[in-house]
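> Each residue of the sequence shown is one higher than the one before, counting from 64 in my numbering. All residues carry an ideal CB built from backbone N, CA and C; glycine is no exception. Here it is, the structure, as structure tokens.
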Amino acid sequence: MASVHVATTVNGDVTEFVCQPGETLLDVLRNRLGLTGAKEGCGTGDCGACSVTVDGQLVCSCLVLGAEAEGRKIGTIEGLADGDTLHPLQTQFINHAALQCGICTPGFLVAAKALLDRNSSPTEEEVRFALAGNLCRCTGYDKIVRAVNAAAKDVRKQQARVKKAAGKRR
Ligand code: FES
Ligand code: FES
């Protein structure tokens, strides 16, 4: 079958790749682009371990074709930290010991980031709802939810600092 040439953006970088028409975005990320943060848990859209964003929308990359990335903006766990500076979610996952084996962690972080990007003051119920598509066999979820709520607080502080600095520049 003829290969497909795809031009896309991954974590802000203009990226091109060639893949098979039936190849999943998850396989493209892991096997062609070397971005192995997204994990294959189930391959059927049930576990969330492969979570990435496409144009800001949370998706299971095992259910998306690589060819569908054409012209889109893909966000993966590799784009979460800012250089050596961890995202507040990553810091709070460490602080709250919200991971054990770590297989599910990239998916949780990407899903939580998608939540905080649209709502930086989520209730516990909203956090649990947003993460309902992500399965963890180790942590029991409470530590993850606490970590996300703590990170939300950090994100709000960051937003307030940026707003204040912008006000001073005017
Ligand atoms: S590997 Fe995609 S949802 Fe499980
Ligand atoms: S930390 Fe092991 S599956 Fe979540």
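Quick one: using the 10 Å Cβ neighbour count with 16 as the cut-off for buried, is Lys216 buried or exposed?
Exposed.
> Helix, strand or coil, according to DSSP, for Cys164 in the structure here?
Three-state result, Cys164: coil.
> What residue from Leu121, Leu143, Arg209 and Ala214 has the CA that sits closest to Asn197's CA?
Nearest of Leu121, Leu143, Arg209 and Ala214 to Asn197, Cα basis: Leu121.
> Can you name the start and end residues of the alpha helix (DSSP H) that Ala205 belongs to?
It should be noted that the sequence gives Asp, not Ala, for residue 205. That run of the alpha helix (DSSP H) goes Asp205 to Arg232.
> Just to check my reading of the structure: Leu128 and Gln153 have Cβ atoms closer than 8 angstroms, yes? What is that Cβ distance to the nearest angstrom?
At roughly 29 angstroms, the Cβ-Cβ gap does not stay under 8 angstroms, so Leu128 and Gln153 are not in contact.
> Any heavy atom of ligand 2 within a distance shorter than 7 angstroms of the CB on Arg232?
False, no ligand heavy atom lies under 7 angstroms from that Cβ.
> Just mark Ala193 as buried or exposed, buried being the case when its beta carbon has 16 or more other beta carbons within 10 Å.
Per the 10 Å Cβ criterion, buried.
> My assumption, with CB atoms under 8 angstroms, is that Gly108 sits in contact with Leu92. Please give the rounded CB distance.
Contact flag wrong, Cβ pair sits at about 16 angstroms.
> Can you list, in chain order, the stretches of the beta strand (DSSP E) that have 3 or more residues and sit fully within the segment 129–194?
Those beta strand (DSSP E) runs which fall completely within the segment 129–194 and span 3+ residues are 136–138.
> Consider the C-beta atom of Glu103 and the heavy atoms of ligand 1; say whether any pair is separated by less than 7 angstroms.
At least one heavy atom of ligand 1 is nearer than 7 angstroms to the Cβ of Glu103, so yes.
> Is the Cβ-Cβ distance between Gly111 and Ala70 less than 8 angstroms?
Result no, Cβ atoms of Gly111 and Ala70 do not sit closer than 8 angstroms.
> Ordered along the chain, which non-local residues of its own chain (more than five positions away) have a Cβ less than 7 angstroms from that of Glu133?
Hits under 7 angstroms: Val69, Ala70 and Thr71.
> Alpha carbon to alpha carbon, how far is Ala130 from Val208? Give it in angstroms, no decimals.
Approximately 34 angstroms, taken between the alpha carbons.
> So is the beta-carbon of Leu178 under 7 angstroms away from any non-hydrogen atom of ligand 2?
No, ligand 2 has no heavy atom inside 7 angstroms of this Cβ.
> With H, G and I counted as helix, E and B as strand and the rest as coil, what does DSSP make of Gln90?
What sits at residue 90 in the sequence shown is Asp, not Gln. Residue state, collapsed to three classes: helix.
> From what residue to what residue does the beta strand (DSSP E) around Thr72 run?
Val67 to Val73 is the extent of the beta strand (DSSP E) around Thr72.
> I need the DSSP call for Cys125, collapsed to helix, strand or coil.
Looking at Cys125 - three-state DSSP - the assignment turns out to be helix.
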